[in-house]
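Q:
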Amino acid sequence: MNYTIETMADALAKYLKPLFPSVSFYEDPNQQGTKTPCMFLQQRYSNIKLETSGYYLRAIGLDLTFLENYHLPDLQKQYQKTAEILDLHMETFPYTDDTQAEPVQIRTYARQWRIDLDALHYQFEIRERVSIPKETVKMQNIEKYREEVVE
26 MNYTIETMAD ALAKYLKPLF PSVSFYEDPN QQGTKTPCMF LQQRYSNIKL
76 ETSGYYLRAI GLDLTFLENY HLPDLQKQYQ KTAEILDLHM ETFPYTDDTQ
126 AEPVQIRTYA RQWRIDLDAL HYQFEIRERV SIPKETVKMQ NIEKYREEVV
176 E
């Protein structure tokens, strides 16, 4: 399974759309044509640590940003309400990519949120054990074996 920011954003958009039907989901920050309310996903960091048997622990920090019309009188309450909904539903989320048809549940760690003047930032981390595919040279031909008895 491949873990990319594009497939993560797509999986989260599919999962969160029923919870936020009026919200537009974007893969990354939009400069023009952004329709609010909207959410987009940004990767904050990624690190990888060697574990046993050729596996690695990959940690990816993500920031799910929620934007609402800046001129709403209850903007702070809207952001708090959205953060509470995310807290209730973001412990795990279904994830799939082009290599696998059935979704798997991805657990989130270190969830926290903060409200800036213009956005809600819901930050979390995913930690997955991964292996890096290695190209191996396969045997191309075998020498003929000739058995001899030496006296």
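Residue numbers (my numbering): 26 to 176. Even glycine gets a Cβ: it sits at the ideal position worked out from N, Cα and C.
Determine the extent of the beta strand (DSSP E) in which Q105 is found, giving its start and end residues.
A: It is not in any beta strand (DSSP E) - Q105 instead sits in the alpha helix (DSSP H) that spans L100 to H114.
Q: In its own chain, which residues sit with a C-beta less than 6 Å from the C-beta of Q67, not counting the 5 before and 5 after it?
A: Cβ within range, chain order: D88.
Q: Only counting the same chain, and skipping five residues up and downstream in sequence, which positions put a Cβ closer than 7 Å to that of T107?
A: The answer, listed in chain order, is F91 and L145.
Q: Keeping to the same chain, check which residues put their C-beta closer than 7 Å to that of R139; ignore five residues upstream and five downstream.
A: Closer than 7 Å at the Cβ level, and outside the excluded window around R139, lie H146.
Q: Flag this pair as yes or no: are the beta carbons of M26 and T124 separated by less than 8 Å?
A: It is a contact, given that the beta carbons lie within the stated cut-off.
Q: Measure from the alpha carbon of E31 to the alpha carbon of each residue in A126, S49, F65 and P46, then state which is nearest.
A: Here the closest residue by C-alpha is F65.
Q: Among residues of its own chain, excluding the 5 on either side of Y81, which ones have a beta-carbon nearer than 8 Å to its beta-carbon?
A: Counting only Cβ-Cβ distances below 8 Å, and skipping sequence neighbours, we find I73, K74, L75, R154, V155, S156 and I157.
Q: Measuring straight from C-alpha to C-alpha, what distance separates T121 and E93?
A: Between T121 and E93, the C-alpha separation is close to 28 Å.
Q: Where DSSP assigns a beta bridge to L82, which residues make up the other side?
A: L82 pairs with K74 and R154.
Q: My output table needs one value for T90: the three-state DSSP class, helix, strand or coil.
A: Strand at T90.
Q: Distance, Cα to Cα, G86 vs L100?
A: Taking the straight line from one Cα to the other gives about 26 Å.
Q: Terminal residues of the continuous beta strand (DSSP E) containing A135?
A: Unbroken beta strand (DSSP E) run through A135: V129 to I140.
Q: Starting from T117, trace the beta strand (DSSP E) both ways and give me its first and last residue.
A: T117 -> beta strand (DSSP E) spans T117 to Y120.
Q: For T117, I'd like the list of residues in its chain whose CB is within less than 6 Å of its CB, leaving aside the five on either flank, ordered along the chain.
A: Around T117: Q130 and R132.
Q: Our contact map puts Q103 next to L97 with C-beta atoms below 8 Å; I'd like the distance itself, whole angstroms only.
A: Right, their Cβ atoms sit about 6 Å apart.
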